[in-house]
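Q: I'd like to ask some things about the structure below.
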Amino acid sequence: MDTQTYKVLSFILKICQNKKSLFFWFFIRFLSAILPLVTIYQFSGTIKLLEQKAPLESVVLAVFLIFLVRVIDNFTRLRSITKLESEIAAVSFDIHNFFLSDLKTSTKSERHEIVQAIRNFADASSTTLNLIKQPGIDSFVSILFIPVILLFLNFPAFVLNIAYIAVYYATDYYTTQRYAHLKNILNTRTEVYYAKLQDSNDFDLEQKSWSRHFRRLVDWGNIEWNLLQNTAVIFYSLVLFLQISEVVGGHKQISDLVLVMGYITQTQVYLNSFSSIKDSLTDMLVGLDRLASNPTVSTVDLDDLI
1231 MDTQTYKVLS
1241 FILKICQNKK
1251 SLFFWFFIRF
1261 LSAILPLVTI
1271 YQFSGTIKLL
1281 EQKAPLESVV
1291 LAVFLIFLVR
1301 VIDNFTRLRS
1311 ITKLESEIAA
1321 VSFDIHNFFL
1331 SDLKTSTKSE
1341 RHEIVQAIRN
1351 FADASSTTLN
1361 LIKQPGIDSF
1371 VSILFIPVIL
1381 LFLNFPAFVL
1391 NIAYIAVYYA
1401 TDYYTTQRYA
1411 HLKNILNTRT
1421 EVYYAKLQDS
1431 NDFDLEQKSW
1441 SRHFRRLVDW
1451 GNIEWNLLQN
1461 TAVIFYSLVL
1471 FLQISEVVGG
1481 HKQISDLVLV
1491 MGYITQTQVY
1501 LNSFSSIKDS
1511 LTDMLVGLDR
1521 LASNPTVSTV
1531 DLDDLI
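Spelled out as structure tokens, the structure:
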């Protein structure tokens, strides 16, 4: 997370009126995100018991423990997600109250544009917090723990996993810079369009302009995700080939392959989630930048913030 993003999130938390409850349920969500990693290990262990023709009682116990962990996972995850949805909805109102408390405009058109800018920022903030809630926390836990697990399980897979994360992040960083530029232009067109929509029926020009810039953003999104997904396919295939070679050579068992590939698959899923969150954080940063640059809003100074 870069400095600007961190400061924008800090700003959101600063104006949040119910921080303790928000932090508590995010912590419970963090604990629930660890359990799926435990399940992968349990599943591989169950396969190993079958390979070793272990007694039925041992297999049944292993399956029961998987069932128990999954039940606990479901309860803590769903409970924390439900509570966080309410807390995040309240944050949107906190943002509205913060910016609108002393808003003064000279014309209706000016007020319409700044209200739309506030809506853009509040919506982006809500979307970002919801993505952090799920699957953001799952992603953070996986990226934090999976490389450590692979370090002890299979060192070559660990090296490839680290290389995968590094290449993926570098690609994502580059594509996000272009996304931020296009998103800022689209937000400008959105504010102008809705301001015109509320005051006049002659909005064809604004509508065409918005559609053109929206298509540019969508086209770039297609390029971005193609680059990221192809990176994932390349590294997944490399790790899979390595694991099959070790199994064929008699150095590893099928259960070891299942275990390593289970963690590699999780890495891919959650790196994709990180990309979505990063784009949403960019939306939030662009939205706040537009608010801070608007002379009508006196409650935030971007220079002080970032």
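Residue numbering for the sequence shown follows this note's numbering, beginning at 1231 and increasing consecutively.
No residue lacks a Cβ here, since even glycine has one placed at the ideal position from N, Cα and C.
1) Would you call N1417 buried or exposed, if buried means 16 or more other Cβ atoms sit within 10 Å of its Cβ?
2) How would you label T1312, buried or exposed, when you count the other beta carbons within 10 angstroms and need 16 or more for buried?
3) Considering only their Cβ atoms, is the gap separating K1363 from E1287 smaller than 9 Å?
4) Are the Cβ atoms of K1482 and Q1473 separated by less than 9 Å?
5) Have a look at A1425, K1508, V1488 and G1517 and flag the residue whose alpha-carbon is nearest the alpha-carbon of T1269.
6) Run the CB neighbour count on Y1493, radius 10 Å, all protein chains shown included, and call it buried at 16 or more, exposed below.
7) Taking the alpha-carbon positions, what's the T1306 to N1391 distance?
8) What are the boundary residues of the alpha helix (DSSP H) that includes K1283?
9) What is the rounded straight-line gap between the Cα of E1476 and the Cα of F1328?
10) State buried or exposed for Y1404, treating a residue as buried only when at least 16 other CB atoms are found within 10 Å of its CB.
11) Kindly confirm or deny that the segment 1351 to 1366 and the segment 1512 to 1520 touch, where touching means at least three C-beta pairs closer than 8 Å.
12) Can you check whether the CB of R1309 is closer than 9 Å to the CB of L1265?
13) Buried or exposed: Y1500, going by 16 or more other Cβ atoms within 10 Å of its Cβ?
14) Apart from the five residues just before and just after D1534, which ones in its own chain have a Cβ nearer than 6 Å to its Cβ?
15) Alpha carbon to alpha carbon, what distance is there between H1342 and P1365?
A: Judging by the given coordinates:
1) Counting from 1 along the sequence shown, the entry for residue 1417 is found at position 187. N1417 should be labelled buried.
2) Here residue 1312 refers to the residue found at position 82 of the sequence shown. T1312 comes out exposed.
3) Taking the sequence shown and counting its residues from 1, one reaches residue 1287 at position 57. Taking the sequence shown and counting its residues from 1, one reaches residue 1363 at position 133. Not a contact, by the Cβ cut-off of 9 Å.
4) The residue you call residue 1482 lines up with position 252 of the sequence shown. The residue you call residue 1473 lines up with position 243 of the sequence shown. In this structure, K1482 sits near Q1473, with a CB-CB distance shorter than 9 Å.
5) Locating residue 1269 in the sequence shown gives position 39, counting from the first residue. Minimum Cα distance to T1269 is reached at V1488.
6) For the purposes of this step, residue 1493 is identified with residue 263 of the sequence shown, where counting begins at 1. Looking at its Cβ environment, which holds 16 or more other Cβ atoms inside 10 Å, Y1493 is buried.
7) Numbered from 1 along the sequence shown, position 76 holds the residue referred to as residue 1306. Numbered from 1 along the sequence shown, position 161 holds the residue referred to as residue 1391. Distance between the alpha carbons of T1306 and N1391 is about 29 Å.
8) Mapped onto the sequence shown, residue 1283 falls at position 53. No alpha helix (DSSP H) contains K1283, which DSSP labels as neither H nor E.
9) Numbered from 1 along the sequence shown, position 246 holds the residue referred to as residue 1476. Numbered from 1 along the sequence shown, position 98 holds the residue referred to as residue 1328. Taking the straight line from one Cα to the other gives about 59 Å.
10) For the purposes of this step, residue 1404 is taken as residue 174 along the sequence shown, with counting starting at 1. Burial call: exposed.
11) Judged by Cβ distances under 8 Å, the segment 1351 to 1366 makes contact with the segment 1512 to 1520, as three or more pairs qualify.
12) As a position in the sequence shown, residue 1265 is number 35, starting the count at 1. As a position in the sequence shown, residue 1309 is number 79, starting the count at 1. No, the Cβ-Cβ distance between L1265 and R1309 is not below 9 Å.
13) Position 270 of the sequence shown holds residue 1500. Buried, by the Cβ-count rule.
14) What you label residue 1534 is simply residue 304 of the sequence shown in a count that begins at 1. Legend: pLDDT at D1534 = 48, less than 50; position of this residue unreliable, value from coordinates given subsequently. Correct list: empty, nothing qualifies.
15) The count along the sequence shown starts at 1 and reaches residue 1365 at position 135. The count along the sequence shown starts at 1 and reaches residue 1342 at position 112. Spanning the two alpha carbons is a distance of roughly 34 Å.
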